[in-house]
Every structure is written in C-alpha cells, then in structure tokens.
Amino acid sequence: MGRHSQSHIDDNLNAERARIIEELKNAQPGPHRDLLERKLRQLETASHVDGWLTSPGLQPPEE
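For the sequence shown, this note's numbering puts the final residue at 72, and the numbers step up evenly by one.
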C-alpha cells in the first residue's frame, strides 16, 4: 500500500471520528449513543493498529 493510499485511510478515519464526536455531543443516553461510543472506540483502535502496521519498524524498549 502506497503512502497516498495510507493518507486516504488516515483522512477517512479522522473524518469519521470527527463526525461521530459531533453526533455524540447531541446524543441522548440510550442504544444509539452506546452504538456511537462503540464505533468511536473501534475507530480509535483502528487508528492505533494502522499506526503500528505502517511504522518503519519495531523500536527497542527504552531502558
């Protein structure tokens, strides 16, 4: 996967994250809000995994 594609993935994750955060500001407690919170956690996890997978390599532990 090239850098251009990676940037596109990052942009999509960030855009969806921002949209969900805005929707959560007005969401009432209940199943819909729970779903939005779950989607937000999934997006954050996906972003972390994406960062790990696209990192230049493993770094040695800091001592």
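Where is the CB? At the ideal position from N, CA and C, for every residue including glycine.
Since the model is a prediction, treat every value here as computed from it, not as a measurement.
Hey, would you say arginine 26 sits closer than 7 angstroms to leucine 52, going by beta carbons? For this step, residue 26 is matched to residue 17 along the sequence shown. For this step, residue 52 is matched to residue 43 along the sequence shown. Yes, these two residues count as a Cβ contact at 7 angstroms.
Please confirm whether alanine 36 and leucine 49 have their CB atoms less than 7 angstroms apart. Against the sequence shown, residue 36 aligns to sequence position 27. Against the sequence shown, residue 49 aligns to sequence position 40. Not closer than 7 angstroms, so no.
Give me the Cβ distance between arginine 42 and leucine 33, rounded to the nearest whole Å; I'm assuming they're in contact under 8 angstroms. In the sequence shown, the residue the question calls residue 42 occupies position 33. In the sequence shown, the residue the question calls residue 33 occupies position 24. Yes, they are in contact, since the Cβ atoms of arginine 42 and leucine 33 sit about 7 angstroms apart, within 8 angstroms.
Quick one: give me the first and last residue of the alpha helix (DSSP H) that serine 64 is part of. Position 55 of the sequence shown holds residue 64. Premise fails: serine 64 is in no alpha helix (DSSP H) and is neither H nor E.
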